[in-house]
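What follows is a set of notes on a single structure, which appears directly below.
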Amino acid sequence: MQFDATEAHQNADKTVVAAERLRAALYRVLSVWAFGGIPLLIFVSLFVIAGVSAAGDYAFDFKQFWQGAHDVVHGHSPYPTQALLETSSDRLGPVGIQHVFRFPYPAATAVLLAPFGALPFHLAAALYMALLLGATVASLWLVGLRDWRVYGIVFATVTLNGAIRLGTLTPVVMLLLALAWRYRNRRAVAVPALAVAIVLKLFVWPILLWLVATRRYATAALTAAAAALFGLVGWAAIGFDGLSLYPELVRRLNDVVGDRGFSLLALGAHIGLGAGVSQALPYLVGLPVGATAILVGRRDRNSGDDRAAFAIAILAAILLTPIVWLHYFALLFVPLAIARPRLSWPWGLPLLFWFVPAQETFGAAWKIVVGLGLAAAIAAASAHAPDAVDA
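Read in order, the letters of the sequence shown correspond to residues -9 to 381 in the numbering used here.
The structure is reproduced here in structure tokens:
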């Protein structure tokens, strides 16, 4: 009987071990599928849909970058004439926008992308997409993210999918912000990285508030000067063509598309606040948030913990700009990766942007509220960093 009892215990132990192994195997399979297979399926499917649909938006933004770079390479001005600008209106569709605002970016952007402009469009677009994929991975890796499951979540988000599918500058700016963070105490890296980011996307200038808050005054001043210099060199490279008309081009672009995206200006317009109040709303909200970045940065500077100020400054940049597309929110993945380098509940927040999956809001104020609310929540989760690593 004693022998039978011992054998029974051994068999029970073997059963428990087998069950544990089965559970572990199922967990690994489900993890690979949930964080690898599903994101890959989503990513590929959106590219296929964009490529085969009649109104496919594959490389929509890159088309403008390529056009500007192509013009520069061939010695032409990338900017529209005054007569063409006069045809702009809020009734322009995507094709009309690309025709009138064929290149609405600073000249330095066209100069920086000149190598792509020297190539045929489809080859250039394919190479640029590969660059964006690499930039996304590099930006998260630089700030200390090593959990492969989080990479799967990032590539399953509609914000990053849109950023890459459209061929935007957002992943490039993500990489530049990550470089600035990683080497924030090395001006030789941080200054040019942030200066190029500001030249490519002027709206990220509030990142300078993070530098000021953390007493990196020289870095902030040098970054502002370098951005101005890069911008000037870009215009000089094309003989200052279009410079005098550029402020009007930007103003007209804001008039045409400002209320189509996720900006506070668009929110004010859609809830009937009137033109004046709507235009002031980004400043009424964004400036206090920027001031908060400074206050938080000054509070935490003695401990050397400036993650919160970094996250809030990026949120302020999004709130202050009059044009916000869905892919802009992907910039917040950088501070979130700094604060949460391992899989945790805040990484579920970016997936909620699937509730507002289009780049435009089509007049739905609730979509703007959801988008900006999620952005604020991600910034808040990034500001509170219980398990952050010092990359």
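Backbone N, C-alpha and C fix where the C-beta goes; we use that ideal spot for every residue, glycine too.
Below 8 Å between beta carbons: does that hold for Pro382 and Phe50? Nothing can be reported for residue 382, as the shown portion of the chain is limited to -9 through 381.
How big is the Cα-Cα spacing for Gly58 and Thr160? The residue given as residue 58 occupies position 68 in the sequence shown. The residue given as residue 160 occupies position 170 in the sequence shown. Cα to Cα, the separation comes out at about 18 Å.
Buried versus exposed, by CB contacts within 10 Å (16 or more), Leu239: Mapped onto the sequence shown, residue 239 falls at position 249. It is buried - the Cβ of Leu239 has at least 16 other Cβ atoms within 10 Å.
Which of the three DSSP states is assigned to Asp51 in this structure? As a position in the sequence shown, residue 51 is number 61, starting the count at 1. Asp51: helix per DSSP, three-state reduction.
Using only the alpha-carbon positions, how far apart do Ala369 and Arg241 sit? As a first step, residue 369 must be located in the sequence shown, where it is residue number 379. As a first step, residue 241 must be located in the sequence shown, where it is residue number 251. C-alpha separation (whole angstroms): 29 Å.
Check whether the segment 296 to 312 touches the segment 265 to 285, counting contact only when three or more Cβ pairs, one atom from each stretch, lie closer than 8 Å. yes
In angstroms, rounded to a whole number, what distance separates the CA positions of Gly276 and Ala98? In the sequence shown, the residue the question calls residue 276 occupies position 286. In the sequence shown, the residue the question calls residue 98 occupies position 108. For Gly276 and Ala98, the distance between alpha carbons rounds to 27 Å.
Mapping the DSSP letters down to three states, classify Asn175 as helix, strand or coil. Counting from 1 along the sequence shown, the entry for residue 175 is found at position 185. Residue state, collapsed to three classes: coil.
Do the segment 324 to 341 and the segment 157 to 175 meet, that is, are 3 or more Cβ pairs less than 8 Å apart? yes
Can you tell me where the alpha helix (DSSP H) holding Ala320 begins and where it ends? Taking the sequence shown and counting its residues from 1, the one referred to as residue 320 is at position 330. Where Ala320 is concerned, there is no enclosing alpha helix (DSSP H), given that its DSSP letter is neither H nor E.
Do you know how far the Cα of Tyr273 is from the Cα of Asp231? Taking the sequence shown and counting its residues from 1, the one referred to as residue 231 is at position 241. Taking the sequence shown and counting its residues from 1, the one referred to as residue 273 is at position 283. Cα to Cα, the separation comes out at about 31 Å.
Starting from Thr99, trace the alpha helix (DSSP H) both ways and give me its first and last residue. As a first step, residue 99 is located in the sequence shown; it is residue number 109 there, counting from the start. Thr99 -> alpha helix (DSSP H) spans 97 to 102.
Taking 8 Å as the threshold (C-beta atoms), are Ala180 and Thr147 in contact? Here residue 147 refers to the residue found at position 157 of the sequence shown. Here residue 180 refers to the residue found at position 190 of the sequence shown. In this structure, Ala180 does not lie closer than 8 Å to Thr147 by Cβ.
So is Phe93 in contact with chain D if we call contact Cβ pairs under 8 Å? Among the protein chains of the structure shown there is no chain D, as only one such chain exists.
Rank Trp356, Val189, Trp337, Pro336 by C-alpha distance to the C-alpha of Phe345 and give the top, closest one. As a first step, residue 345 must be located in the sequence shown, where it is residue number 355. Per the Cα distances, Trp356.
With a 10 Å radius around its C-beta and 16 neighbouring C-beta atoms as the bar for buried, classify Ala44 as buried or exposed. On the sequence shown, residue 44 is found 54 positions in, with the first residue counted as 1. Note that Ala44 has pLDDT 46, beneath the 50 cutoff, so the model's placement of it is unreliable and no number is given.
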